[in-house]
Amino acid sequence: MDLKKLNKDDPLDRMAEKSADTEGMSPMDPPDAYSPPSTEDVAYDTMHPFLQELMDDHKRLIAQMTTFEEALQQIQTSGLSNETGQTLRNSFQFFEENFVVHNRKEEVGFFPLLKRRLIERGEHGTTAERKTGVDVMQNDHTRAVQLAAVACSFFGLAVRLPDEQSRMLTLSRAVQQSKDLIEHVRLHIFREETILFGFANNHFSAEELDQFQTSVETETGKPA
């Protein structure tokens, strides 16, 4: 069975295409998502080493996501092979071993104080919870792990199904779930680097950022 043809005939995909053709713009439309209302751009060279390390993590993650995406494209055109299967395994393993550790670097000390600083400056929601961009980033972390788990499960199920049509449909869903993961991670990184990291570099003292770096090394047992 042709996976590419199956994607084209998939009723879920047809519904998505029909929705995209309607007038109006989704709140999650990528052009809007990648055009935040305000940024605090800071050049990498002028960033504190703690923030530089977080951005270096991002570069490695994006590189792996690009390799992952190329494998997905090959699967859609040629089906699943031993080579693409190995790339999938490497990508999910990289994500599990690196993304979770990276999240801990941000969530230990850095995010809590960053949220307090944003609230002090009035940069928060109007509800009683006073949500900030930090809450969005933390939700992103959870959502990315969920997407990765579901995508990995779909791929594992696809190779075990005896029925070809069911196998191809499950593989199609696995590919789409993986694409959603890649876009989610890219947007998350964009938001952190164009909004939160610049704010932190501009509004935290070097001593505070040094303390974050020390906290990360203590918590993870690894250099920040």
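Numbering (the numbering used here), first residue to last: 6 to 229.
Using N, Cα and C, we set each Cβ at its ideal position, and we do this for glycine too.
Minimum Cβ-Cβ distance from residue i to chain B less than 7 Å
i, result
"G127", "You won't find chain B in this structure, because it holds only one protein chain."
Proximal residues to residue i (C-beta, below 7 Å), its chain only, five neighbours per side dropped
i, result
"L166", "R172, T175"
C-alpha distance - residue i paired with residue j, whole-angstrom precision
i, j, result
"R196", "T132", "22 Å"
"A149", "A179", "14 Å"
"D168", "F160", "15 Å"
"D50", "E125", "28 Å"
"P36", "C157", "Note on P36: pLDDT 47, under 50, position unreliable in the model; no value is reported."
"Q181", "L93", "14 Å"
"E212", "E58", "16 Å"
"L123", "E188", "26 Å"
"L118", "A68", "30 Å"
"F209", "Q91", "43 Å"
"Q151", "E111", "18 Å"
"L162", "S177", "12 Å"
"Q170", "Q98", "28 Å"
"L201", "N103", "20 Å"
"M30", "E134", "Legend: pLDDT at M30 = 42, less than 50; position of this residue unreliable, value from coordinates given subsequently. The alpha-carbon atoms of M30 and E134 are separated by roughly 28 Å."
Residue i vs residue j beta-carbon contact at 7 Å
i, j, result
"F73", "S96", "yes"
"M70", "V164", "no"
"F217", "F55", "yes"
"G130", "K136", "yes"
"L214", "H53", "yes"
Same chain, Cβ closer than 6 Å to residue i, neighbours up to 5 away in sequence not counted
i, result
"F100", "A153"
"D145", "H193"
"K120", "T137, V139"
"S183", "L77, A156"
heavy atom of the ligand NAD below 6 Å from residue i C-beta
i, result
"F195", "The ligand NAD is not part of this structure, which contains no ligands at all."
Cut-off 8 Å between Cβ atoms - residues of its own chain near residue i, not counting five sequence neighbours on either side
i, result
"P32", "Only weak support is given to the placement of P32: the predicted model assigns it a pLDDT of 42, under 50, and the question is left unresolved by the model."
* To do: Report yes or no: do the stretch 86 to 106 and the stretch 204 to 224 share at least 3 C-beta pairs separated by less than 8 Å?
  => Segments in contact, no.
* Are there three or more Cβ pairs, one per stretch, closer than 8 Å when the stretch 140 to 151 is compared with the stretch 70 to 80? -> These segments do not touch.
* To do: Specify whether the stretch 55 to 63 and the stretch 101 to 114 touch according to this definition: at least 3 beta carbon pairs, one from each stretch, less than 8 Å apart.
  => As far as the Cβ criterion goes, the stretch 55 to 63 touches the stretch 101 to 114, which means the pair count is three or higher.
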